[in-house]
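What follows is a short report on a single structure.
In my numbering, the protein residues as written are -15 to 131.
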């Protein structure tokens, strides 16, 4: 029997087509759009999904979280150079937001294995604050493996 989740839960949204991804990125005008591109069957990606689920309610007022399986929706693999099994990207008002994590330089995406819940929530919040101010990049003290 499938468990029914409360309506108030702001869980990540699984997107199943290129047009759904485009709509999610282009339609949101007030919140940060977080997109996890990757292979949902990969253990690293599954851990990332759990982490994103754990912060979804905390960041619901400032961000929407979307999950995209790159095998099911390969439309963006070439455009965003998605080669890793798990990649996180941020968009605000249809613009990519680059991130400087730990002084390593600007990157348009984060390819990673694991991060703490609080670090992820702080990263989402700092990216949102910078994007709202019109910045296309943000410096973060949170350190990730990047590409």
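From the three backbone atoms N, C-alpha and C, an ideal C-beta is built for every residue, glycine too.
(Q) What residue range does the alpha helix (DSSP H) around residue 118 cover? (A) No alpha helix (DSSP H) contains residue 118, which DSSP labels as neither H nor E.
(Q) My output table needs one value for residue 59: the three-state DSSP class, helix, strand or coil. (A) helix
Q: Give the range of the alpha helix (DSSP H) segment to which residue 17 is assigned.
A: No alpha helix (DSSP H) contains residue 17, which is instead part of the beta strand (DSSP E) from 16 to 22.
Q | residue 131 - DSSP class collapsed to helix/strand/coil | A | Here residue 131 scores only 45 on pLDDT, less than 50, and its place in the model should not be relied on; the value that follows carries that caveat. Coil at residue 131, not helix or strand.
**Q.** Segment contact, 8 Å Cβ cut-off, at least three pairs: the stretch 46 to 60 with the stretch 12 to 25
**A.** yes
Q.
Give me, in chain order, the residues of the same chain whose beta-carbon lies closer than 8 Å to that of residue 47; leave out the 5 immediate sequence neighbours on both sides.
A. Excluding residues within five positions, the ones whose Cβ falls inside 8 Å are 15, 16, 17, 18, 108 and 112.
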